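Residue numbers (my numbering): 319 to 759.
Positions of the beta carbon are idealized from the N, C-alpha and C atoms, including for glycine.
Treat the numbers as computed from the prediction; the structure is a model and nothing was measured.
Okay, so here's the structure we're looking at.
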């Protein structure tokens, strides 16, 4: 069983080599934008083969790209258009169901590529040499460049682990080029008998993640500082948008990249702590959650509500789930998604489900049936953990891993939820907390 990871290698370029790499990256970016315009003009097509036939010769002659790069460009543009068409379909479905009013406008104009980057295929466009050097193709031929990186990644490359495609990226702040290399590392097959820990993770903005296991050990990952930083980014964007100057627009682009990197860094830190060894980690299946949630807008919506919705929409919980998933594999663990229905409304002690258990979506969960009180986000994490335990039990008995245990095709959603409602948490309702659950502000 293999798991793909990305090695970040710093390219130690001299002045001449840096000029060649810059020339290649800029030509590749221009080729992407040209191909994007062609795709837009031909019915916003996402057909990679059709696009390649239309632009291949132009990419070779006009932009000077090599044969492999001239194939990579239309493939990359095709993937972008496929993603945008998926978002258009999801948007239309959400409008039809009344979840949103505004349509997705991502295909109103051709996607524009801004970053100074290019994709390279192993052996054809780049290859590793001895003495920690890499050979990279440019518009003027190949160059051999020394590189640095994390020792773990350097050892994987030196040991001959399977190397895939790479991407050259440019970091403006340090004016440095990096080579992001995909490496496949072997990880052991996950055996349910070796799973010693089952946990559930609930995500949100007040707490980016709340994790609990079946031993009542819980941890809260506060979203207070990230929220404050997100609000500062929003105010900075508003100021720059009001100015509208060319320099302000450049600043907006830089600010957007900085915010994305900040979100990714926080998600990396959280996922590293959650992905403990020999664990089965339950995550909520949040597919389509943005489209199923009505946006907070209009004159009657308070400034606080709009800010809360903006922060929630901005944070990438899918990215957090993805980081947990791949880091779990590296630690001999597994992450699985379970249905998210009513995890914040169901009492983990008696199973009673009602909106009244959590009036006005406050921090305190109080069951109107049995009187059980607990932090609302911890309730969600406990319900997810119990559903994950059911997944593990079914996995051990059938040998098949499914987020809907023992559910046949004829069973309805109501029957699945009924099965989940029969789950009960242990009588000990005083879990061990790690973190300060009431510091969310």
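Only residues of its own chain outside the window of five on either side were considered, and among them 321, 322, 323 have a CB closer than 8 Å to the CB of residue 644, listed in chain order. Contact check for residue 596 against residue 679 fails: the beta carbons are separated by 9 Å or more.
Following the DSSP letters along the chain, one finds residue 464 inside the beta strand (DSSP E) bounded by residues 459 to 466.
Of the candidates 526, 464, 438, the residue whose Cα lies closest to the Cα of residue 456 is 438.
Positions of the alpha helix (DSSP H) runs, each at least 4 residues long and wholly inside the stretch 530 to 580, are given as 542 to 561 in order along the chain.
When the five nearest sequence neighbours on each side are left out, the beta carbons in the same chain lying within less than 7 Å of the beta carbon of residue 343 are those of 434, 435, 436, 486, 488, in order along the chain. When DSSP states are grouped into helix, strand and coil, residue 639 belongs to the helix group. Comparing C-alpha distances from residue 397 to each of 377, 426, 362, 376 shows the shortest one belongs to 362. Here residue 593 carries a coil assignment [DSSP, helix/strand/coil].
In the DSSP assignment, residue 520 falls within the unbroken beta strand (DSSP E) covering 515 to 521.
For residue 366, the uninterrupted alpha helix (DSSP H) segment begins and ends at 366 to 379. The three-state secondary structure of residue 334, taken from DSSP, is helix.
About 22 Å separates the beta carbons of residue 666 and residue 713, which is beyond the 8 Å limit, so they are not a contact pair. Relative to residue 741, the option among 334, 717, 709, 719 whose CA is nearest is 709.
Cβ contact annotation for residue 589 (same chain, cutoff 8 Å, sequence separation greater than five): 638, 641, 642, 645, in chain order.
Beta-carbon to beta-carbon, residue 656 and residue 706 are separated by about 6 Å, close enough to satisfy the 8 Å threshold. Per DSSP, residue 698 is not a residue of any beta strand (DSSP E); the alpha helix (DSSP H) it occupies stretches across 694 to 716. In the DSSP annotation of this structure, the continuous segment of the beta strand (DSSP E) that includes residue 451 starts and ends at 451 to 456. Note on residue 600: 16 or more other CB atoms within 10 angstroms of its CB, so buried under the neighbour-count rule.
Judged by DSSP in its simplified three-state form, residue 352 adopts helix. Non-local beta-carbon contacts of residue 515 in its own chain, meaning distances under 7 Å to residues more than five positions away in sequence, involve 531, 594, 596, 597 in chain order.
At the C-beta level, residue 347 and residue 370 stay beyond 9 Å of one another.
For residue 583, the closest of 544, 341, 375 by C-alpha to C-alpha distance is 544. When rounded, the separation of the alpha-carbon atoms in residue 418 and residue 658 is 21 Å.
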